[in-house]
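Participant: Take this structure first; my questions come after.
Residue numbers (the numbering used here): 444 to 737.
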């Protein structure tokens, strides 16, 4: 009799295939690297074939691994859909989520895929606005949840769900970071990242000018990639064509960026709490962030 394949092993396998890393996959499925390695050892024993090979610092799938991947995705999806079909009727309806446009681009795909698999009958309404505006919407009861950048003395009961380094970035093909005064592309005057950048430059006595100011991260990123200005971005927002600047380039280290989850304190629902859990699991890197800090 053929042995059954463990669905949790397949879920971890899919995460490794997507991330090309046991460590990053472990963050997604909330398991230690050793637990991930043990799961994959058992999966390879179950199928009787090697599924991974080393690729520099990461891993890649073998030919047999590629063959398993399509089956694994379908099995994991069907498992989630099956369980969701027996969910309590309370977990249907609409949930309102606020997220800045840059976070939406980076984080929403995984969050929405995970949530739709477990709650296929739920409707998610997404509002994209800057963090301060989303905080106002939460306080006014216009949103159920919001993913925002932590702002000092604002946001009420905020739960930190992710920590990233804040980095200076310039174009990889230009030397705009050497200009005097330094041209900058940043958010509006109330943006915490803008204030952090300008205060560090002022402390250095370095001349600068705000060349582009926008709440829209795509507009800021376009100015950087075009070689028109320097900006500050969280680590996960650094794109191809950008170069990170550090102390050796004359740019001081910046504080970390904390991403927090806000909840509507007036109208918590089982559906909004279910989405909150998916957000926390998708964004969580706190264990690795603390380890890096230590």
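Where a beta carbon is used, it is the ideal one built from N, C-alpha and C, also for glycine.
Note that the coordinates shown come from a computational prediction; the quantities given were computed from them, not determined experimentally.
(1) Cβ atoms of residue 464 and residue 501: under 7 Å apart, would you say?
(2) Using the rule of at least 16 other Cβ atoms within 10 Å of the residue's Cβ for burial, across every protein chain shown, is residue 546 buried or exposed?
(3) What does a CB cutoff of less than 6 Å around residue 587 pick up in its chain, not counting 5 residues either side in sequence?
(4) Are there 16 or more other CB atoms within 10 angstroms of the CB of residue 637, so buried, or fewer, so exposed?
(5) For residue 512, collect the residues of the same chain with a Cβ closer than 6 Å to its Cβ; drop the 5 residues on either side in sequence, then sort them by chain order.
(6) If you measure between the beta carbons of residue 701 and residue 569, is that distance less than 7 Å?
(7) Going by other Cβ atoms of all chains shown within 10 Å of its Cβ, with 16 needed for buried, is residue 644 buried or exposed?
(8) Looking only at its chain, what residues have a beta carbon closer than 8 Å to the beta carbon of residue 728, apart from the 5 residues adjacent to it on each side?
(9) Provide the residue span of the beta strand (DSSP E) that contains residue 588, from first to last.
(10) Could you spell out the range, first to last residue, of the beta strand (DSSP E) harbouring residue 677?
(11) Using alpha carbons as the reference points, say which of 672, 629, 664 and 613 lies closest to residue 692.
(12) Which runs of the alpha helix (DSSP H) spanning at least 4 residues fall entirely within the region 696–733, listed in chain order?
(13) Whose CA, out of 479, 551 and 456, lies closest to the CA of residue 505?
(14) Mind checking whether residue 653 and residue 676 have CB atoms under 7 Å apart?
(15) Report the residue from 499, 452 and 493 whose alpha carbon sits nearest the alpha carbon of residue 479.
(16) Do residue 635 and residue 594 count as a contact pair if the criterion is CB distance below 7 Å?
(17) Report the three-state DSSP secondary structure of residue 737 (helix, strand or coil).
(18) Three-state secondary structure (DSSP) at residue 694?
Facilitator: Taking the geometry as given:
(1) Result yes, Cβ atoms of residue 501 and residue 464 sit closer than 7 Å.
(2) Residue 546 is buried by the Cβ-count criterion.
(3) The residues are 538, 539, 707 and 715.
(4) Its Cβ being crowded by 16 or more others within 10 Å, residue 637 is buried.
(5) Listed in chain order, the non-local C-beta contacts of residue 512 below 6 Å within the same chain comprise 460, local neighbours out to five positions each way being set aside.
(6) Going by C-beta atoms, residue 701 is not nearer than 7 Å to residue 569.
(7) With 16 or more neighbouring CB atoms inside 10 Å of its own CB, residue 644 falls in the buried class.
(8) The beta carbon of residue 728 lies closer than 8 Å to those of 470, 605, 606 and 607 in the same chain, with the five residues before and after it left out.
(9) Where residue 588 is concerned, the enclosing beta strand (DSSP E) stretches over 588–592.
(10) Bounds of the beta strand (DSSP E) holding residue 677 are 674–677.
(11) With distances taken between Cα atoms, residue 692 lies closest to 613.
(12) Fully enclosed alpha helix (DSSP H) runs of no fewer than 4 residues occupy 713–726 of the region 696–733, in order along the chain.
(13) Check the Cα spacing between residue 505 and each of 479, 551 and 456: the tightest is with 456.
(14) Result no, Cβ atoms of residue 653 and residue 676 do not sit closer than 7 Å.
(15) Comparing Cα positions, the closest option is 452.
(16) Taking C-beta atoms as the reference points, residue 594 and residue 635 count as a pair closer than 7 Å.
(17) Because the pLDDT of residue 737 is 40, which lies under 50, any placement of that residue in the model is unreliable, and the number read from its coordinates should be weighed accordingly. If DSSP states are grouped into helix, strand and coil, residue 737 belongs with coil.
(18) In the structure shown, residue 694 sits in coil (DSSP, three-state: anything other than H, G, I, E or B).
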